[in-house]
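Report on the following structure.
Protein chains in written order, with the UniProt record's numbering: chain X, 1 to 306; chain R, 1 to 329.
What follows is the structure, given as structure tokens:
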């Protein structure tokens with residue numbers, strides 16, 4: 001797996017080659033700290049992995065086994081089945097296959113729309129000089145601190161009044177609106193890094209803003225778009241609050257909402273919960289592992305410069 | 001019209017999705033085409049084309065609702081009668097809400113501190129080791145899954161079976177307790193400790209974020225600083241305490257405040273694991289319960305405004321620290 005910052009190979013015995021003499025006590029202490037350090041690192045890594053691993057194994061165990069014994073007994077008595085997945089995906093009452101479609105249908109437009117809007121807005125803020133630009137930008141930037149919760153009640157009544165409530169449109173709209181402040185801020189940061197001379201040159205050639213945007217900036221911004229795209233994809237796919245409020249009708253309900261429901265209503269049916277959880281997790285995990293590079297970049301650009 | 005609102009087969013839903021994206025593309029394309037006449041069109045028209053749709057959405061989706069919620073927080077359940085500060089008074093005096101506020105405070109203090117400390121130590125420990133990328137990926141992975149998924153994973157870790165002969169524990173934690181000879185516990189039911197067990201889940205989710213940002217900051221420390229300290233005989237813990245930590249102070253502040261804000265708004269973990277029962281509710285969960293389960297819009301609005309108000313000082317601190325660190329540079 002790749003990370004943005006290149007891993008530096010440790011140079012063994014670097015200090016010693018410089019001719020510095022370490023006392024024996026010093027060296028012993030160093031070895032000790034590095035050993036405790038490794039142990040601590042391994043303990044943390046195990047703590048962070050085992051809970052997920054346990055549920056993953058459980059999702060492949062027969063229902064009765066899950067009730068009778070812990071997942072660790074799988075090492076002594078291996079019994080594999082995919083029945084749980086069949087049951088949770090196609091069984092009546094769970095039907096995660098349909099919910100999977102809902103999640104997908106909710107997520108894609110909720111990623112495409114805000115990115116497009118934010119790109120255009122960020123372009124205007126970065127490259128079109130106009131009166132009141134900085135005030136407006138600060139205002140948009142400041143909107144990032146508005147918690148979602150503050151907007152939900154009025155938005156719901158707005159949607160009900162307009163007859164849109166219960167359709168996909170409200171979820172798409174909401175996710176797009178909520179994503180805009182951060183998206184504009186992030187993409188603006190990336191856009192400012194593009195040398196002004198490139199834009200100036202295009203302008204000299206008589207290109208208008210639209211042409212500059214599409215032909216000069218867009219190709220250079222692909223990594224930034226990918227960074228925010230991954231971010232927004234994970235956020236929408238994994239979201240509970242917005243979907244619970246706007247998309248809980250049977251035709252639109254996504255995986256997260258139903259999974260959370262099931263924890264309440266069928267909290268001890270671990271054969272369903274385990275398989276269901278992994279059905280909900282598989283797409284974000286794939287996206288995440290494949291595009292981690294971009295995600296990390298977006299994370300760093302968003303938080304460190306923030 | 002109905003076709004656009006009610007989709008109940010997979011094909012229909014995908015078609016609707018395609019239409020939504022296409023419609024959006026056509027509208028935006030139209031706007032851009034209209035403003036793309038260099039030198040003929042005044043700047044404000046171009047700006048309106050690029051910014052207009054966004055500003056419209058922001059006003060409709062964030063500004064108006066926020067103002068409306070602030071107003072609503074001074075009204076009663078149904079929003080008909082003005083009741084002044086009664087909703088707020090109730091939040092700060094009612095016994096149940098005292099518990100909620102206390103829990104929220106516990107979350108906002110513990111999660112950022114523990115997560116940042118863990119992320120920092122881990123980032124430092126695995127820095128420049130052979131297994132760095134794998135080690136980081138393992139801790140980072142919880143960031144990819146939903147908090148609902150994380151809730152399910154950890155509920156299974158905390159799962160309790162009555163302590164009777166012939167009944168095996170299936171939750172990892174209780175099994176470990178049984179192995180060392182302690183009675184199995186109802187981790188999620190016993191207040192006040194259950195709040196701590198929920199906090200563990202949030203730390204587990206957020207540690208990857210802290211680790212990633214701090215790891216990048218550690219790598220950005222100039223090599224000559226580290227080298228100079230090493231030549232002076234500084235090593236191990238002292239290096240960490242006197243060189244690493246001071247060098248990455250700005251990143252530490254950002255991580256702490258970012259996690260504090262995320263934690264303040266945490267809803268999914270509490271909702272999934274206990275539903276806010278057994279004395280584990282927090283402000284964000286209580287907001288949902290009051291507004292959309294009890295249909296007490298006034299009280300829900302007041303809780304939302306409270307969240308808003310609590311976020312502001314954290315952001316202010318963050319901005320101030322950033323300014324300070326820029327001045328030093």
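From the three backbone atoms N, C-alpha and C, an ideal C-beta is built for every residue, glycine too.
- With a cut-off of 8 Å on Cβ pairs, the stretch 131 to 139 of chain R is in contact with the stretch 207 to 215 of chain R, counting three or more such pairs.
- Residue 101 (chain X) and residue 242 (chain X) have their C-alpha atoms spaced approximately 17 Å apart.
- Cα atoms of residue 276 (chain X) and residue 211 (chain X): separation of roughly 47 Å, rounded to the nearest angstrom.
- The beta-carbon of residue 243 (chain X) is placed no less than 7 Å from the nearest beta-carbon of chain R.
- The beta carbon of residue 166 (chain X) sits closer than 6 Å to the beta carbons of 249 from its chain, once the five residues preceding and following it are set aside; these are given in chain order.
- DSSP links residue 75 (chain R) through a beta bridge to R:82.
- Around residue 308 (chain R), the beta-carbon contacts reaching into chain X at under 9 Å are 145, 146, 147, 149 and 150.
- A distance below 8 Å between beta-carbons, with the five flanking residues on each side excluded, links residue 294 (chain X) to the following residues of its chain, in chain order: 223, 226, 227, 229 and 230.
- Take the alpha-carbon of residue 176 (chain R) and the one of residue 252 (chain R): they are about 35 Å apart.
- Residue 185 (chain X) is a Cβ neighbour of residue 141 (chain X), given a cutoff of 7 Å.
- Between residue 57 (chain X) and residue 48 (chain X), the CB-CB gap reaches or exceeds 7 Å.
- Put simply, of R:227, R:117, R:280 and R:219 the residue whose alpha carbon is nearest the alpha carbon of residue 203 (chain R) is R:117.
- Residue 236 (chain X) is positioned such that its CB atom lies no closer than 7 Å to that of residue 188 (chain X).
- In summary, the residues of the stretch 223 to 238 of chain X whose CB is separated from some CB of chain R by less than 8 Å are 234, 237 and 238, in the order they occur in the chain.
- If only complete runs of 4 or more residues are kept, the stretch 203 to 263 of chain X shows the alpha helix (DSSP H) at 222 to 238 and 241 to 246, in order along the chain.
- With respect to the 7 Å criterion, residue 73 (chain R) and residue 291 (chain R) are not classified as neighbours on the basis of their beta carbons.
- The stretch 128 to 174 of chain R contains, as complete alpha helix (DSSP H) runs of 4+ residues, the segments 132 to 140 and 147 to 158 (chain order).
- Residue-level contact check: residue 298 (chain R) does not touch chain X, since none of the beta carbons of chain X fall below 7 Å from its beta carbon.
- Contact between the stretch 119 to 138 of chain R and the stretch 40 to 47 of chain X is present: 3 or more CB-CB pairs across the two stretches fall below 8 Å.
- Excluding residues up to 5 positions away in sequence, 41, 45, 46 and 49 lie with their Cβ nearer than 7 Å to the Cβ of residue 35 (chain R) in the same chain.
- Within chain X, no residue has its CB atom less than 8 Å from the CB of residue 105 (chain R), the nearest being about 17 Å off.
- In the DSSP assignment, residue 149 (chain X) falls within the alpha helix (DSSP H) that extends over 148 to 162.
- Using a 10 angstroms sphere on the CB of residue 60 (chain X), the tally of other CB atoms reaches 16 or more, which defines it as buried.
- Residue contact check for residue 209 (chain X) against chain R: a CB pair falls below 7 Å.
- Residue ranges of uninterrupted alpha helix (DSSP H) with 4 or more members, entirely inside the stretch 72 to 130 of chain X and ordered along the chain, are 83 to 90 and 96 to 127.
- One Cα belongs to residue 14 (chain R), the other to residue 161 (chain X), and the distance between them is close to 26 Å.
- Around the beta carbon of residue 172 (chain X), a 10 Å sphere encloses 16 or more other beta carbons of the protein chains shown; the residue is thus reported as buried.
- When secondary structure is reduced to three states using DSSP, residue 13 (chain R) falls in the helix class.
- Within the same chain, 99, 102, 103, 106, 243 and 247 come within 7 Å of residue 254 (chain X) by CB-CB distance, once the 5 residues on both sides are set aside.
- Remark: C-beta atoms of residue 272 (chain R) and residue 260 (chain X) approach each other more closely than 7 Å.
- Closest option to residue 180 (chain X), judged by alpha-carbon separation, among X:220, X:85 and X:111: X:111.
- Under the 10 Å beta carbon count, residue 238 (chain R) is surrounded by fewer than 16 other beta carbons and is classified as exposed.
- With contacts defined as CB atoms closer than 7 Å, residue 201 (chain R) and residue 269 (chain R) qualify as a contacting pair.
- Judged by DSSP secondary structure, residue 256 (chain R) falls within the alpha helix (DSSP H) whose first and last residues are 249 to 264.
- Per DSSP, residue 176 (chain X) is one residue of the alpha helix (DSSP H) stretching across 168 to 192.
- DSSP places residue 63 (chain X) in the helix class (H, G or I) of the three-state scheme.
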